[in-house]
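S.K.: There's a structure below that I have some questions on.
In our numbering, the protein residues as written are 1004 to 1745.
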């Protein structure tokens, strides 16, 4: 009996043990083979995938992309522009290498064009109205590209039509200070001013002139500012080098505001309310026309009057005089006038953005946006270099998605913006149409506009929070033509600074103006952004940009011979920008660093204190609130970095990670104040607004101080105090977003 009981106990124990073991391993096996999303939710960026991406970016593909994009001129809304729309759609809808979806977004926008049947004219006429000299209407032809009938005549977009005639004067760069100085010597009423590019914005050259009674403006590119003084197309300029030929003319949009001018803060749809045309501001109030330096030389070297200051002298082999007004008594143009006949007109036209998306697998409602513009004034090979890069980058990623090898954690949106050349219109209208959604969901914006200015080194500008991502990405890409030297190591040789936290690092610029399509994302929406390109060695040239900029000579021939032979710099940019994109889309915790942001705010504060504190104390205005706000931001940034460093991601809940990511993503929104800059359209970010003061500090404070310091009105110091309060509270508010909710 006892034996039976013992045997029963042993059998029961054995069965129980086997059951426990089966249960244990069965449960473990069940966990391991649970839903895929359990693993995906906490998956981090895959470094091996980045390596694979880098290896598959092909420079020859980029070269062929650019060849196709620049086959014909493609000014916004032209037949050539529609051809590029179809090319983008075809690529992004390709079943093997395209995106999840691609479509076009249409806007009805206000554009300005010359009259093809009645070209603009600039002439020198004598007292009997006989023509003594005629400025070239179209650029000289060197290659078949320039013979295309769709090459638009050089003109100043948004310049009004008109036929002003008057004595010529030289107004240097057309800055307000230039006209003020010129007016001390010359009676400017009824004159035509000739100005050089640089110093002031295009439209500002005419806006600054009108109050003095100037009735028309000419604009040219001085060979000293662009060509290092070289002027001959026999052996010095294009087609022999990258320098601008004598007849080359920089076209451009002569307006201050970005976005469609008739629908401010509204997307320019067909039925959208439009303001009256006479209410538009920021465009030339008087007729304006750009010309080549071969014609500018003829006019400037014949001017009479007093010699202009040394700082006004340029590359022509003659003295630059103010003008009598008018020409020298010994000139064949003596007692003659310059006459402008401008036939520009404005119209509403349909312009297209092309949009594409790769849907995120875990957080599809979080967007990383990558964009650039597609239009150009003529062929725009350098202008389209960003699009050529984007097509290759999207091909590689799209192929991975189609093959089931990869899908990003967050959604990636690609934007091919239309009508950028007329004032960043496509990107601005997109942000206005989807203001709420983009504000709530966008992680970051990557802008690669002109991908390659030249082939010397990387150039990057962006929010300080993006700095570490750019550095990481550029350290993983080899610099073209330099063996194992990385893009990062090459960059630091050309441009660097000393960081208290990191030592010697590459110098990143800031997105303080509206130079490209990042403008609406940064200034209007407060989205962290970066602008990336390859550029030239600025110690070897005075060129303010690549010399063929906005001319008929910016062609595939020009790009392939003089800018990036072999397209290896394009490849380096594609690899670097793509690396940044993948990290932002795939990292479990967003790789945004606000300790780097704190460092820049501290540097801005030090400059502000050094420049302004003594004077402000005299006016009974304290800077203590600003000092305290920056200290709070540093404390919050350090705390957030420590929180992230201490995360045990293997055991952390997804909601905690999501909360931290939202804090990181939304921080720049805290710097927005819609009332901070009432005179600057769509500028709301108090740290990165444009500034005319030229000081490396908080832009609004710098401008307010400069205005008050040069004014006799005591109330202007109240404006300084006001902006100091706006700034202090914005920084303090941003700091609070990095701390716990309560």
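Ideal Cβ placement from N, Cα and C applies to all residues, glycine included.
As the structure is a computational prediction, the values presented were derived from the model and not from experiment.
Out of 1457, 1459, 1491, 1277, state which residue places its alpha-carbon closest to the alpha-carbon of residue 1472.
M.R.: Checking every option, the nearest Cα to that of residue 1472 belongs to 1491.
S.K.: Comparing C-alpha positions only, which one of 1249, 1291, 1480 sits nearest to residue 1344?
M.R.: Checking every option, the nearest Cα to that of residue 1344 belongs to 1291.
S.K.: Which term fits residue 1387, buried or exposed, when burial requires 16 or more other beta carbons within 10 angstroms of its beta carbon?
M.R.: With 16 or more Cβ atoms within 10 Å of its Cβ, residue 1387 is classed as buried.
S.K.: Just reading off the beta strand (DSSP E) that residue 1243 is part of, what are its end residues?
M.R.: It is not in any beta strand (DSSP E) - residue 1243 carries neither H nor E in the DSSP assignment.
S.K.: Give the straight-line distance between the Cα atoms of residue 1518 and residue 1581, rounded to the nearest whole angstrom.
M.R.: C-alpha separation (whole angstroms): 22 Å.
S.K.: Counting along the chain, where does the alpha helix (DSSP H) carrying residue 1415 start and finish?
M.R.: No alpha helix (DSSP H) holds residue 1415; the beta strand (DSSP E) holding it covers 1413-1420.
S.K.: Would you mind stating whether residue 1536 and residue 1047 have Cβ atoms separated by less than 9 Å?
M.R.: Their beta carbons are not under 9 Å apart, which means residue 1536 does not touch residue 1047 by this criterion.
S.K.: Where does residue 1514 fall in DSSP's three states?
M.R.: Coil at residue 1514, not helix or strand.
S.K.: On the CB-based measure, 16 or more other CB atoms within 10 Å of its CB, does residue 1499 come out buried or exposed?
M.R.: Exposed, because fewer than 16 other Cβ atoms sit within 10 Å of the Cβ of residue 1499.
S.K.: Write down the C-beta distance between residue 1079 and residue 1468 rounded to the nearest angstrom, noting that I regard them as a contact closer than 8 Å.
M.R.: Wrong, their Cβ atoms sit about 33 Å apart, outside the cutoff.
S.K.: Per DSSP, what are the beta-bridge partners of residue 1292 in this structure?
M.R.: DSSP output for residue 1292 lists 1221 as bridge partner(s).
S.K.: Quick check: what's the CA-CA separation for residue 1254 versus residue 1735?
M.R.: Using only the alpha carbons, I get a separation of about 44 Å.
S.K.: Taking just the CA atoms, how far does residue 1042 sit from residue 1031?
M.R.: Note that residue 1031 scores a pLDDT of 42, beneath 50, so its modelled location is shaky; the value from the coordinates is reported in the next line. Taking the straight line from one Cα to the other gives about 15 Å.
S.K.: How is the alpha helix (DSSP H) around residue 1340 delimited, first residue to last?
M.R.: First-last for residue 1340: 1340-1344, but that is the beta strand (DSSP E), not the alpha helix (DSSP H).
S.K.: Assess contact between the stretch 1284-1300 and the stretch 1450-1464, defined as three or more Cβ pairs (one per stretch) separated by less than 8 Å. Is contact present?
M.R.: No, they do not touch.
S.K.: Assuming residue 1516 and residue 1364 form a contact by the criterion Cβ under 8 Å, report the distance between their Cβ atoms to the nearest whole angstrom.
M.R.: Not confirmed; about 37 Å, so no contact.
S.K.: Can you tell which of 1478, 1448, 1479 has its C-alpha closest to the C-alpha of residue 1464?
M.R.: Of the listed residues, the one whose Cα sits closest to residue 1464 is 1448.
S.K.: Using beta carbons (cut-off 9 Å, strictly below), is residue 1701 in contact with chain C?
M.R.: You won't find chain C in this structure, because it holds only one protein chain.
S.K.: From residue 1684 to residue 1530, what distance separates their C-alpha atoms?
M.R.: If you take the alpha carbons of residue 1684 and residue 1530, they lie about 17 Å apart.
S.K.: For residue 1268, is the classification buried or exposed, using 16 other Cβ atoms within 10 angstroms of its Cβ as the cut-off for buried?
M.R.: Residue 1268 is exposed by the Cβ-count criterion.
S.K.: For residue 1712, does the count of other Cβ atoms within 10 angstroms reach 16, so buried, or fall short, so exposed?
M.R.: Result: exposed.
S.K.: Does residue 1433 pass the burial test, meaning 16 or more other C-beta atoms within 10 Å, or should it be called exposed?
M.R.: Residue 1433 is buried by the Cβ-count criterion.
S.K.: State buried or exposed for residue 1271, treating a residue as buried only when at least 16 other CB atoms are found within 10 Å of its CB.
M.R.: Counting Cβ neighbours within 10 Å, residue 1271 comes out buried, since at least 16 surround it.
S.K.: How big is the Cα-Cα spacing for residue 1220 and residue 1367?
M.R.: If I take the Cα positions, the gap works out to 51 Å.
S.K.: Counting Cβ pairs closer than 8 Å, one from the stretch 1302-1309 and one from the stretch 1084-1096, do we hit at least three?
M.R.: The stretch 1302-1309, when compared against the stretch 1084-1096, does not touch it at the 8 Å Cβ threshold.
S.K.: Does DSSP put residue 1030 in a helix, a strand or coil?
M.R.: For residue 1030, the pLDDT reaches just 40, beneath the cut-off of 50, and the residue's location in the model is therefore unreliable, leaving the point undetermined.
S.K.: Could you tell me the distance, in whole angstroms, from the CA atom of residue 1598 to the CA atom of residue 1439?
M.R.: Distance between the alpha carbons of residue 1598 and residue 1439: 28 Å.
S.K.: Got a sec, what are the start and stop residues for the beta strand (DSSP E) residue 1367 sits in?
M.R.: Residue 1367 -> beta strand (DSSP E) spans 1366-1376.
S.K.: Quick check on DSSP: helix, strand or coil for residue 1742?
M.R.: Looking at residue 1742 - three-state DSSP - the assignment turns out to be coil, as it is neither helix nor strand.
S.K.: Hey, residue 1341 and residue 1195: beta-carbon distance below 9 Å or not?
M.R.: Cβ distance < 9 Å, so residue 1341 and residue 1195 count as in contact.
S.K.: Helix, strand or coil for residue 1525 per DSSP?
M.R.: Three-state DSSP puts residue 1525 in a helix.
S.K.: State the DSSP-derived secondary structure class of residue 1530, mapped to helix, strand or coil.
M.R.: Residue 1530 falls in the coil class under three-state DSSP.
S.K.: Suppose only complete runs of 3+ residues qualify. What are the beta strand (DSSP E) ranges in the stretch 1110-1145, listed by chain order?
M.R.: Listed in chain order, the complete beta strand (DSSP E) runs (minimum 3 residues) inside the stretch 1110-1145 are 1124-1128, 1134-1137.
S.K.: Work out the CA separation of residue 1244 and residue 1276 for me, nearest whole Å.
M.R.: For residue 1276 and residue 1244, the distance between alpha carbons rounds to 49 Å.
S.K.: Would the beta-carbon of residue 1389 fall within 9 Å of that of residue 1102?
M.R.: Taking 9 Å as the Cβ cut-off, residue 1389 and residue 1102 do not qualify as a contacting pair.
S.K.: Taking buried to mean at least 16 other C-beta atoms within 10 Å of its own C-beta, is residue 1691 buried or exposed?
M.R.: Classification of residue 1691: buried, given that the 10 Å Cβ count is 16 or more.
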